[in-house]
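Working notes for the structure below.
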Amino acid sequence: MTLPLQPLSPLDGRYSKAVSGLGEHLSEAGLNRARVNVEVEWLVYLTDREFFGAPRLTEEQVRDLRHLATSFGQPEIDELAELEAVTRHDVKAVEYLVRNRLTQLGLTGVAELTHFACTSEDINNLSYAITIREAVTGVWMPALRAVIAELRRQALDYRGAAMLARTHGQPATPTTMGKELAVFVYRLERILNQLEQTEYLAKFSGATGTFAAHLAADASVDWPHVSEEFVTSLGLTWNPLTTQIESHDWQAELYQKVAHANRVLHNLCTDVWTYISLGYFTQIPVEGATGSSTMPHKINPIRFENAEANLELSSALLDSLSQTLVTSRLQRDLTDSSTQRNIGVALGHSLLALDNILGGLGQISLNEGLLAADLDDNWEVLGEAIQTVVRAEITAGRSSITDPYALLKQLTRGKKIGQAELVEFVEGLDIGAEAKARLVALTPASYTGLASDLVDYLG
Numbered sequence: 001m002t003l004p005l006q007p008l009s010p011l012d013g014r015y016s017k018a019v020s021g022l023g024e025h026l027s028e029a030g031l032n033r034a035r036v037n038v039e040v041e042w043l044v045y046l047t048d049r050e051f052f053g054a055p056r057l058t059e060e061q062v063r064d065l066r067h068l069a070t071s072f073g074q075p076e077i078d079e080l081a082e083l084e085a086v087t088r089h090d091v092k093a094v095e096y097l098v099r100n101r102l103t104q105l106g107l108t109g110v111a112e113l114t115h116f117a118c119t120s121e122d123i124n125n126l127s128y129a130i131t132i133r134e135a136v137t138g139v140w141m142p143a144l145r146a147v148i149a150e151l152r153r154q155a156l157d158y159r160g161a162a163m164l165a166r167t168h169g170q171p172a173t174p175t176t177m178g179k180e181l182a183v184f185v186y187r188l189e190r191i192l193n194q195l196e197q198t199e200y201l202a203k204f205s206g207a208t209g210t211f212a213a214h215l216a217a218d219a220s221v222d223w224p225h226v227s228e229e230f231v232t233s234l235g236l237t238w239n240p241l242t243t244q245i246e247s248h249d250w251q252a253e254l255y256q257k258v259a260h261a262n263r264v265l266h267n268l269c270t271d272v273w274t275y276i277s278l279g280y281f282t283q284i285p286v287e288g289a290t291g292s293s294t295m296p297h298k299i300n301p302i303r304f305e306n307a308e309a310n311l312e313l314s315s316a317l318l319d320s321l322s323q324t325l326v327t328s329r330l331q332r333d334l335t336d337s338s339t340q341r342n343i344g345v346a347l348g349h350s351l352l353a354l355d356n357i358l359g360g361l362g363q364i365s366l367n368e369g370l371l372a373a374d375l376d377d378n379w380e381v382l383g384e385a386i387q388t389v390v391r392a393e394i395t396a397g398r399s400s401i402t403d404p405y406a407l408l409k410q411l412t413r414g415k416k417i418g419q420a421e422l423v424e425f426v427e428g429l430d431i432g433a434e435a436k437a438r439l440v441a442l443t444p445a446s447y448t449g450l451a452s453d454l455v456d457y458l459g
């Protein structure tokens with residue numbers, strides 16, 4: 001028995017709800033809507049300036065033409081499918097769709113200005129720049145900002161929550177949970193700021209980037225100026241030097257930054273997962289949810305595990321895009337055409353991860369009692385503070401100790417030291433009374449330095 005046609009990608013099936021926003025822009029339909037928009041805007045641009053004696057369109061005619069793009073939906077999708085079945089060329093099908101609408105609107109007199117002097121890539125590169133910009137700035141970035149905002153909230157809430165650090169997985173100088181989360185906020189905001197500076201480049205210069213057809217039609221026109229004016233009118237940055245294709249360097253730069261954000265988020269997931277396994281974070285049960293099919297007690301950190309997997313998939317695809325898109329044989333080959341069809345998949349896995357991270361962060365609660373107990377069970381971490389104070393006392397001439405590091409190493413390395421033992425050790429040190437009093441008063445919970453204050457650097 002043959003199954004009905006099913007989505008091949010989980011992004012279009014199981015996880016479609018979480019990533020549907022990207023489909024508005026980076027699906028085949030989204031790309032074709034952008035193509036229609038570019039074709040229409042180029043026609044409007046040419047007629048508005050009365051190129052080759054073309055009549056200027058009325059406001060109503062321009063509005064009707066632009067409506068083709070703004071109302072683009074299933075009827076247009078179906079018509080394009082029929083046209084492409086004949087043309088075997090997606091962009092040519094879009095051109096014919098626009099021409100058909102011109103006929104319906106009684107504008108056959110300007111029909112030959114449709115796709116005028118354009119190679120397919122003139123339309124495509126503008127359309128991809130528009131759709132990628134809208135997908136990144138309108139869908140993916142807001143999801144990243146939401147995660148950062150939740151991390152920032154928790155960083156501020158937990159800024160004073162002292163906890164044992166675990167460098168190399170071992171008990172280490174205490175920190176606060178808020179400061180550790182603030183590190184991720186700072187890292188992600190820095191990358192986000194770089195992403196916000198992204199230039200979305202586009203070319204509009206004909207078959208090999210030379211304006212040859214344009215000059216053949218009218219050598220008196222400053223076609224590079226026309227090209228720049230048209231490209232920038234769409235909110236894009238003009239690239240004057242290209243082959244048939246826009247070189248895609250801006251895309252490579254963008255995808256590398258998104259992949260960088262992915263990897264920082266992956267680090268966040270592994271850290272939070274570890275804090276959950278240590279009991280530092282407890283997970284809030286979701287009514288009706290099952291953690292394990294056989295162990296009823298379990299609440300698995302599936303949100304963070306799902307995010308890890310999707311971040312890895314996204315980064316792998318983004319790395320491939322970055323490497324592939326910057327190379328085109330001579331003036332043109334079609335490797336970029338196939339590659340770019342996967343931009344939505346790459347960003348989709350990242351968006352799905354962001355959705356899971358935000359959901360996961362909303363389902364955890366800090367177990368401050370366990371944090372306190374863990375600190376109280378590891379007084380040996382004060383060895384750093386003691387040997388550092390002794391060094392200062394030696395320098396000030398208030399101690400005759402010769403090797404404070406070795407002294408503390410002998411006392412604490414690989415050993416569990418309690419408060420009483422540490423206090424007894426400090427009381428027996430050859431150091432000044434004031435320094436001794438400070439060390440005796442110190443506890444693992446109070447030995448967090450400026451951790452709480454450092455959160456203020458988030459601004």
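All the letters of the sequence shown, read from the start, carry residue numbers 1 to 459 under the UniProt record's numbering. A virtual CB, placed ideally from N, CA and C, is assigned to each residue, including glycine. All values reported here derive from a predicted model rather than from experimental measurement.
*Going by C-alpha distance, which of LEU358, THR443, PRO55 is nearest GLY109?*
As a position in the sequence shown, residue 109 is number 109, starting the count at 1. Residue PRO55 is the option with its Cα nearest to GLY109.
*From the DSSP output, in three-state form, read off ALA309 for me.*
Counted from its first residue, the sequence shown places residue 309 at position 309. Three-state DSSP puts ALA309 in a helix.
*Report the partner residues of residue 460 according to the DSSP bridge assignment.*
Lying outside 1 to 459, the shown extent of the chain, residue 460 is not represented and no answer is given.
*Start and end of the beta strand (DSSP E) containing SER365?*
Taking the first residue of the sequence shown as position 1, residue 365 is located at position 365. Segment 364 to 366, the beta strand (DSSP E) holding SER365.
*Provide the residue span of the beta strand (DSSP E) that contains ALA165, from first to last.*
Mapped onto the sequence shown, residue 165 falls at position 165. 162 to 165 is the span of the beta strand (DSSP E), which, as asked, contains ALA165.
*Whole-number beta carbon distance between GLN387 and LEU408, since they are thought to touch under 8 Å*: Stepping through the sequence shown from its first residue, residue 408 is reached at position 408. Stepping through the sequence shown from its first residue, residue 387 is reached at position 387. About 4 Å separates the two Cβ atoms, so the contact holds.
*How would you label GLU134, buried or exposed, when you count the other beta carbons within 10 angstroms and need 16 or more for buried?*
What you label residue 134 is simply residue 134 of the sequence shown in a count that begins at 1. Of the other Cβ atoms in all chains shown, 16 or more fall within 10 Å of the Cβ of GLU134; this residue is therefore buried.
*Taking buried to mean at least 16 other C-beta atoms within 10 Å of its own C-beta, is GLN244 buried or exposed?*
In the sequence shown, residue 244 corresponds to position 244, counting from 1. The residue in question, GLN244, is buried, as its Cβ has 16 or more Cβ neighbours within 10 Å.
*With distances taken between CB atoms, is the gap from VAL19 to LEU382 smaller than 8 Å?*
Working through the sequence shown from its first residue, we reach residue 19 at position 19. Working through the sequence shown from its first residue, we reach residue 382 at position 382. VAL19 places its beta carbon 8 Å or farther from that of LEU382.
*asked:* I'd like the list of long-range same chain contacts for THR176, defined as Cβ closer than 7 Å, with 5 residues on each side in sequence excluded.
replied: Position 176 of the sequence shown, counted from the first residue, corresponds to residue 176. Contacts found: TYR158, ARG159, GLY160, ALA161, ALA162, MET163, THR448, ALA451, SER452.
*Mind checking whether LYS203 and THR167 have CB atoms under 8 Å apart?*
Walking along the sequence shown from the start, residue 203 turns up at place 203. Walking along the sequence shown from the start, residue 167 turns up at place 167. The answer is no: Cβ separation not under 8 Å.
*asked:* For the pair the region 103 to 119 and the region 192 to 201, tell me if three or more CB-CB distances fall below 8 Å.
replied: In short, these stretches do not touch, since the Cβ pair count stays below three.
_Where the beta strand (DSSP E) containing THR176 begins and where it ends_ = Residue 176 sits at position 176 when you count from the first residue of the sequence shown. From DSSP, the beta strand (DSSP E) with THR176 extends over 172 to 176.
*What is the residue span of the beta strand (DSSP E) that PHE281 lies within?*
By 1-based counting over the sequence shown, the position of residue 281 is 281. In this chain, the beta strand (DSSP E) harbouring PHE281 covers 281 to 283.
_Supposed close pair CYS269, ALA307 - CB separation, criterion 8 Å_ = Taking the sequence shown and counting its residues from 1, one reaches residue 269 at position 269. Taking the sequence shown and counting its residues from 1, one reaches residue 307 at position 307. Yes, they are in contact, since the Cβ atoms of CYS269 and ALA307 sit about 5 Å apart, within 8 Å.
*So, THR131 versus HIS25, is the Cβ gap smaller than 8 Å?*
In the sequence shown, counting from the first residue as 1, residue 131 sits at position 131. In the sequence shown, counting from the first residue as 1, residue 25 sits at position 25. For THR131 and HIS25, yes; Cβs fall inside 8 Å.
*Would TYR405 be called buried (16 or more neighbouring beta carbons within 10 Å of its own) or exposed?*
Within the sequence shown, the letter at position 405 stands for residue 405. Result: exposed.
_Buried or exposed (CB count within 10 angstroms, at least 16 for buried), GLN410_ = The sequence position of residue 410 within the sequence shown is 410, counting from 1. Exposed, because fewer than 16 other Cβ atoms sit within 10 Å of the Cβ of GLN410.
*Quick one: what's LEU201 bridged to in DSSP?*
What you label residue 201 is simply residue 201 of the sequence shown in a count that begins at 1. DSSP lists THR237 as the bridge partner or partners of LEU201.
*If you drop the 5 nearest sequence neighbours on each side, which residues of the same chain put their C-beta closer than 6 Å to that of LEU8?*
Here residue 8 refers to the residue found at position 8 when the sequence shown is read from its first residue. Same-chain partners within the cutoff: there are none.
*Where does TYR96 land, buried or exposed, given buried means 16+ other C-beta within 10 angstroms?*
Mapped onto the sequence shown, residue 96 falls at position 96. Its Cβ being crowded by 16 or more others within 10 Å, TYR96 is buried.
*asked:* Taking 8 Å as the threshold (C-beta atoms), are LEU361 and LEU151 in contact?
replied: For this step, residue 151 is matched to residue 151 along the sequence shown. For this step, residue 361 is matched to residue 361 along the sequence shown. Yes; because the gap between Cβ atoms is below 8 Å, this pair is in contact.
_By alpha-carbon positions, which one of ARG153, THR282, VAL231 ends up nearest to VAL38?_
Here residue 38 is taken as the residue at index 38 of the sequence shown, counted from 1. Cα-wise, what sits closest to VAL38 is VAL231.
*Look at the alpha carbon of LEU265 and the alpha carbon of GLU434, and state the distance between them as a whole number of angstroms.*
Residue numbering aside, residue 265 sits at position 265 when the sequence shown is read from its first letter. Residue numbering aside, residue 434 sits at position 434 when the sequence shown is read from its first letter. Rounded to the nearest whole angstrom, the C-alpha separation of LEU265 and GLU434 is 45 Å.
*On the three-pair Cβ rule with 8 Å, is the region 30 to 50 touching the region 87 to 107?*
Touching, yes, given that three or more Cβ pairs across the two stretches are closer than 8 Å.
_Range covered by the alpha helix (DSSP H) that runs through SER20_ = Residue mapping note: residue 20 aligns to position 20 of the sequence shown, counting from 1. Its alpha helix (DSSP H) spans residues 16 to 26.
*Consult DSSP for THR131 and reduce its assignment to one of helix, strand or coil.*
In the sequence shown, residue 131 corresponds to position 131, counting from 1. Here THR131 sits in helix by DSSP.
*Measuring CB to CB, does THR47 end up less than 8 Å from LEU113?*
By 1-based counting over the sequence shown, the position of residue 47 is 47. By 1-based counting over the sequence shown, the position of residue 113 is 113. Against a cut-off of 8 Å, the Cβ pair of LEU113 and THR47 comes out as a contact.
_What does the alpha-carbon distance come out to for the pair ALA217 and TYR128?_
If you number the sequence shown from 1, residue 217 lands on position 217. If you number the sequence shown from 1, residue 128 lands on position 128. Taking the straight line joining both Cα atoms gives about 27 Å.
*Cα-Cα, which of ALA346, PHE425, ILE401, ILE394 is closest to GLY23?*
Here residue 23 refers to the residue found at position 23 when the sequence shown is read from its first residue. Nearest C-alpha to GLY23: ALA346.
*asked:* On the DSSP letters alone, give me the boundaries of the alpha helix (DSSP H) that PHE425 sits inside.
replied: Taking the first residue of the sequence shown as 1, we reach residue 425 at position 425. Residues 419 to 427.
_By the DSSP assignment, the alpha helix (DSSP H) with ASP78 in it spans what residues?_
What you label residue 78 is simply residue 78 of the sequence shown in a count that begins at 1. Element bounds for ASP78: 74 to 87.
_According to DSSP, simplified to helix, strand and coil, what is ASP403?_
Numbered from 1 along the sequence shown, position 403 holds the residue referred to as residue 403. In the structure shown, ASP403 adopts coil according to DSSP, grouped into three states.
*At which residues does the alpha helix (DSSP H) containing LEU156 begin and terminate?*
Locating residue 156 in the sequence shown gives position 156, where the first residue counts as 1. Residues 141 to 157.
_Measuring straight from C-alpha to C-alpha, what distance separates THR274 and ALA396?_
In the sequence shown, the residue the question calls residue 274 occupies position 274. In the sequence shown, the residue the question calls residue 396 occupies position 396. Each residue's CA atom was taken as its position, placing THR274 and ALA396 some 42 Å apart.
*CA-to-CA distance, LEU370 to ALA392, given in whole angstroms*: By one-based count along the sequence shown, residue 392 stands at place 392. By one-based count along the sequence shown, residue 370 stands at place 370. Spanning the two alpha carbons is a distance of roughly 34 Å.
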